[in-house]
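Below you'll find the structure, written out as structure tokens, and then a few comments.
In the UniProt record's numbering, the protein residues as written are 1 to 186.
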């Protein structure tokens, strides 16, 4: 098998893997969508929208969650990124979160605690995917610095490298990254 064929096959497999991940995320989001559609049909005008085109109840998401999954802390999103649409949700019972060893959570949070890493994730999420493109950014004096930060983000699960020299934010991390950004901005 020649190199061109191998590269073409790797690209096709990468695209298929991304599509499977997107489909899985969409499947997981369907229950929340159905609940939101039910709420949209039954809510009354209770105040201003917190999200454009949201049902008129400013707490529609929380009220839906309370009816369908009381005691659950959840994050969800339906966004469009250069890699395609992402529909994703994740939730845990508050009691399970409180019982967890929070020290285990330090590593993934710490990986995002550097301004350069946050910028890398933002750029990659926005469509910059190759190390050559990333090296053009002003933040790096050397490729060693870039690779150091990329390794930190990959080992913490915020980035994946589907093939050498290419990086992407895994579908299951897109909404959590945006949620963390939203938390930090509020």
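All C-beta atoms in this analysis are idealised placements derived from N, C-alpha and C, irrespective of residue type, glycine included.
Which of helix, strand or coil DSSP assigns to residue 94: Translated into the one-based positions of the chain shown, residue 94 becomes position 94. Residue 94: helix per DSSP, three-state reduction.
Are the beta-carbon atoms belonging to residue 134 and residue 118 less than 8 Å from one another? The residue you call residue 134 lines up with position 134 of the chain shown. The residue you call residue 118 lines up with position 118 of the chain shown. Contact flag unset, no.
Tell me the residue span of the alpha helix (DSSP H) that contains residue 67. Here the question's residue 67 lines up with position 67 in the chain shown. Its alpha helix (DSSP H) spans residues 60 to 68.
Identity of the residue in 87, 106, 116, 67 nearest residue 76 by Cα: Sequence index remark: in the chain shown, residue 76 carries index 76 (1-based). Checked all of 87, 106, 116, 67; the closest Cα to residue 76 is 87.
Evaluate contact between the region 152 to 162 and the region 107 to 116, counting only Cβ atoms and requiring at least three cross-stretch pairs below 8 Å. They touch, by the three-pair rule.
Is it buried or exposed for residue 124, if we count other Cβ within 10 angstroms and need 16 for buried? One-based indexing of the chain shown puts residue 124 at position 124. By the 10 Å Cβ count, residue 124 comes out buried.
Would the beta-carbon of residue 93 fall within 8 Å of that of residue 72? Taking the first residue of the chain shown as 1, we reach residue 93 at position 93. Taking the first residue of the chain shown as 1, we reach residue 72 at position 72. Cβ atoms of residue 93 and residue 72: closer than 8 Å.
Entirely within the region 130 to 162 and at least 4 residues each: give me those alpha helix (DSSP H) ranges in chain order. 131 to 135, 143 to 155
Rounded to the nearest angstrom, what separates residue 66 and residue 56 at their Cα positions? Sequence index remark: in the chain shown, residue 66 carries index 66 (1-based). Sequence index remark: in the chain shown, residue 56 carries index 56 (1-based). Going from the Cα of residue 66 to the Cα of residue 56 covers about 17 Å.
Buried or exposed (CB count within 10 angstroms, at least 16 for buried), residue 11: Translated into positions along the chain shown, residue 11 becomes position 11. When all chains shown are included, residue 11 counts as exposed.
DSSP-derived helix/strand/coil call for residue 111: Stepping through the chain shown from its first residue, residue 111 is reached at position 111. Helix, per DSSP.
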